[in-house]
Amino acid sequence: MESSHNEDIRDLARGKKIQSSIELRGSNTAHHDVTVPWDTTNDRSLFHMGVLLSNMEEDRKNAKSKEEAKRMTNIAKICRHVSLACIITIRFVGRTLILRSYFPYDIQPTPIYELTVFAQTVAAYCTSGTYTTVDTFVVTLIFHVCGQYENLKQRLRNLPSQRGNDFKAELSQIVKKHDSLNRFADTIEEQFNDMLLLQMLGCTIQLCVTCFLVILVRFQIKFNR
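Sequential numbering of the sequence shown, starting at 145, is according to my numbering.
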């Protein structure tokens, strides 16, 4: 199975072209067969995504103990705790909204405020779910590989307790797993580096413009005084 995967990856890396025959017919034209080359860039990306997802599923199934599975989820729980803390503290910091908006009614009374926040939460969840799907997928892959490296580190720490053939077998498994994780990380970088570069450039420009506006507003306030 692994050798066939490697052969497929090598074939895709060579940039093979898929030849598709398109039949063109017309009322006043003769029958023609046109051969059109199809770029396999999308097919290669989809193949790599399938490999990453299959590796994640295999790592989850091959967790040798509950501690390894727990170690993989602890990293992802950090982001969840931060999000919950931000949502909870909103109620106690001036009763502000999640999204600053204008409403034709007073939002401060208790039932209206909670309903407005709930509506904004649902709307933000729906929009962010469609807007940040790819980013969330990349973060999930990164968290997964980080958890696997943590498990590998723990296996290395427990390695001196092994004896004889068990030591050699465990060391061999650790080396193979480390190589697999390195390939996993390289695949993530290869598939998403262009997208992340564009996002970093966009965020950098946005931060520069925002800082410029803040400085401009502060200078205007200072001169008005």
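Even glycine gets a Cβ: it sits at the ideal position worked out from N, Cα and C.
Taking residue i as the reference, give the member of the options with the closest Cα.
i           : options            : result
residue 221 : 291, 193, 279, 198 : 291
residue 339 : 365, 276, 269      : 276
residue 269 : 256, 249, 252, 243 : 243
residue 317 : 200, 303, 328      : 303
residue 343 : 313, 282, 319      : 282
residue 218 : 228, 287, 193      : 287
residue 285 : 225, 301, 328      : 328
residue 194 : 293, 351, 332      : 332
residue 192 : 358, 363, 226, 330 : 330
residue 245 : 267, 229, 226      : 267
Suppose you measure from the CA of residue i to the CA of residue j; what does that come to, to the nearest Å?
i           : j           : result
residue 264 : residue 188 : 39 Å
residue 361 : residue 354 : 11 Å
residue 335 : residue 356 : 34 Å
residue 347 : residue 325 : 29 Å
residue 299 : residue 271 : 41 Å
residue 321 : residue 296 : 8 Å
residue 251 : residue 262 : 12 Å
residue 279 : residue 309 : 44 Å
residue 349 : residue 306 : 54 Å
residue 206 : residue 273 : 30 Å
residue 200 : residue 247 : 45 Å
residue 256 : residue 203 : 47 Å
residue 301 : residue 315 : 11 Å
residue 365 : residue 352 : 20 Å
residue 337 : residue 345 : 12 Å
residue 190 : residue 198 : 12 Å
residue 313 : residue 323 : 16 Å
residue 294 : residue 319 : 14 Å
residue 214 : residue 311 : 25 Å
residue 289 : residue 224 : 18 Å
residue 249 : residue 228 : 27 Å
residue 359 : residue 341 : 27 Å
residue 253 : residue 232 : 18 Å
residue 196 : residue 226 : 27 Å
residue 260 : residue 363 : 36 Å
According to DSSP, is residue i helix, strand or coil?
i           : result
residue 206 : coil
Going along the chain, which unbroken runs of the alpha helix (DSSP H) with 4 or more residues stay wholly within the segment 235-323? 254-275, 277-301
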